[in-house]
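Residue 1330 in this note's numbering sits at position 36 of the sequence shown, with consecutive numbering throughout.
Okay, structure first, notes after.
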Amino acid sequence: MTARELSSLRKKYVLLREELISTLQKSEFEVDIAGDAVDKLQGAALLRVQNQLSKQNIAKLSTLERAIGKIDLGDYGNCEECGEAIGFKRLEAIPGVSLCIVCAELAERNR
Ligand SMILES: [Zn+2]
1295 MTARELSSLR KKYVLLREEL ISTLQKSEFE VDIAGDAVDK LQGAALLRVQ
1345 NQLSKQNIAK LSTLERAIGK IDLGDYGNCE ECGEAIGFKR LEAIPGVSLC
1395 IVCAELAERN R
């Protein structure tokens, strides 16, 4: 991967990280749990969905943090399993990805 590709990747990841952080901050205040029983039930259901989403977003966020950290160390872009270079297109399509397509498919199959 060229230095230019790496820096464009970093820019993209930082932007995504900011979006995730602002989404997470917003979602904390959106559910109104005051109101009658139905409102409360709906509120609770919404909260559950939001918690699930938040968890996914937090996981994404930590993946991004890790990837950005690795970029800064100059240690990003190789598969953590086999050490082969992960294609730039793949790194762009799946932010923070740490496995090449071959290892990812193997891991998927072994799950
Ligand atoms: Zn691999």
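Cβ atoms here follow ideal geometry from the backbone N, Cα and C, with glycine treated the same way.
Between which residues of its own chain and residue i is the CB-CB distance below 6 Å, once the five residues before and five after are set aside?
i, result
"Glu-1299", "Phe-1382"
"Ser-1302", "none"
Tell me which residue opens and which closes the alpha helix (DSSP H) that residue i is part of.
i, result
"Arg-1384", "1382–1387"
"Ser-1396", "At residue 1396 the sequence reads Val, which differs from the Ser that was named. That run of the alpha helix (DSSP H) goes 1395–1404."
Tell me the DSSP secondary structure of residue i in three-state form.
i, result
"Val-1332", "helix"
"Arg-1308", "What sits at residue 1308 in the sequence shown is Val, not Arg. Note: Val-1308 maps to helix in three-state DSSP."
"Thr-1317", "helix"
"Ser-1418", "What is shown of the chain runs 1295 to 1405, which leaves residue 1418 out entirely."
Give the single residue among the options whose Cα lies nearest to the Cα of residue i.
i, options, result
"Ser-1392", "Lys-1306, Gly-1377, Lys-1334 and Leu-1309", "Gly-1377"
"Ile-1315", "Lys-1354, Arg-1405, Ile-1395 and Glu-1375", "Lys-1354"
"Met-1295", "Val-1332, Cys-1373 and Ala-1401", "Cys-1373"
"Ala-1297", "Ile-1395, Asp-1366, Val-1396 and Gln-1319", "Asp-1366"
"Leu-1318", "Glu-1402, Ile-1380, Gln-1350 and Ala-1331", "Gln-1350"
Only counting the same chain, and skipping five residues up and downstream in sequence, which positions put a Cβ closer than 8 Å to that of residue i?
i, result
"Lys-1306", "Glu-1386 and Pro-1389"
"Ile-1362", "Arg-1304, Tyr-1307, Val-1308 and Arg-1311"
Which runs of the beta strand (DSSP E) fall wholly inside the stretch 1334–1379 and span at least 3 residues, in chain order?
Complete beta strand (DSSP E) runs here, min 3: none at all.
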